[in-house]
Amino acid sequence: MRHRVGTPSLLVLLLAVGVGAGPAVAAAQAVKVGAVIPLTGRYAAGGAQVRAGYEIAVDDLNRGGGVAVGGKKAPIELVILDGVMLDRRRPGGGIH
Numbered sequence: 353m354r355h356r357v358g359t360p361s362l363l364v365l366l367l368a369v370g371v372g373a374g375p376a377v378a379a380a381q382a383v384k385v386g387a388v389i390p391l392t393g394r395y396a397a398g399g400a401q402v403r404a405g406y407e408i409a410v411d412d413l414n415r416g417g418g419v420a421v422g423g424k425k426a427p428i429e430l431v432i433l434d435g436v437m438l439d440r441r442r443p444g445g446g447i448h
């Protein structure tokens, strides 16, 4: 089964981090949020648009002081992993 993570999922995750992370994260530490998107391969053009959307959302939230963690604001750090999408018809193809 294939699961797609889009911009709405990132925003839901950011909101969950803001309300539920608790005092374990100090105000000076960045809250790391990850996304796996296709940056190379057949779907790289779409992946570039998704990446740009994530970066805009993170920049916007950080301009507002970040997310609330334990009553203090923490910046968000976006971590992106290339989820290369290959043609399933080729040997070794599929999602890697």
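Using my numbering, you'd call the opening residue of the sequence shown number 353 and step up by one each time. Backbone N, C-alpha and C fix where the C-beta goes; we use that ideal spot for every residue, glycine too.
Bounds of the beta strand (DSSP E) holding Leu433 are Ile428 to Asp434. The alpha carbon of Val431 has as its nearest neighbour, out of Ala396, Tyr406 and Gly393, the alpha carbon of Tyr406.
Exclusion of the five residues before and after Ile389 leaves Gly399, Val402, Arg403, Ile432 and Gly435 as the residues of its chain whose Cβ lies within less than 7 Å of its Cβ.
Partner residues in a beta bridge of Ile408, as assigned by DSSP, do not exist. Distance from Val419 to Leu413 at the Cβ level is roughly 6 Å; contact confirmed, criterion being Cβ atoms closer than 8 Å.
One alpha carbon belongs to Gln381, the other to Ala396, and they sit about 31 Å apart.
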